[in-house]
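Going by full-length UniProt numbering, the sequence shown opens with residue 1, and the numbers climb by one from there.
Working notes, beginning with the structure itself.
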Amino acid sequence: IRGLTDNIKGEVTSSKPADLNEAVLMAHKLMEQKSQARDAKILEGKKRKIAKSKEMHELWLPLLLMESFLCVNDVLLAMLASVRSSVTSVERLGIRNRCPKKVKQEEVGEARGRAYAIKDAEPK
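Set out below in structure tokens:
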């Protein structure tokens with residue numbers, strides 16, 4: 001076909017199909033191209049999302065691990081105290097004060113926890 005620009009010359013097969021069969025084939029080909037373009041766009045978006053997720057994971061994971069390490073519960077503090085020479089050396093680390101949940105509980109003045117009651121299956 002004359003008069004077309006170079007970038008679309010290979011994309012155009014015919015301006016007027018010879019018969020109905022050729023028209024249907026052209027329509028299928030165009031719809032397939034449209035579907036492939038849409039799938040490629042979706043795939044690119046997913047790749048970008050995964051890359052961003054990995055980047056955020058690599059950025060925040062060390063910080064989250066450090067925060068969870070600093071929020072040591074009382075049982076672990078007691079274990080550390082038994083290993084170390086005195087409790088004051090553990091408290092001197094300032095581990096208790098770094099946990100935001102514990103600080104907030106101390107500010108509010110309430111403690112949260114769970115209590116369990118254990119009974120026998122058959123009463124005696």
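Backbone N, C-alpha and C define an ideal beta-carbon position, used for all residues, glycine too.
Remember, it's a predicted structure, so these values are computed and weren't measured experimentally.
Check, Outcome
"Simplified DSSP state of residue 39, which is helix, strand or coil", "helix"
"Min CB distance residue 36 to chain B below 8 Å", "As a matter of chain content, chain B is missing from the structure shown, which is built from one protein chain."
"Beta-carbon contacts of residue 94 that lie in its chain and below 7 Å, excluding the five residues immediately before and after", "In this prediction, residue 94 scores a pLDDT of 46, lower than 50, which makes its location untrustworthy; no coordinate-derived value is stated."
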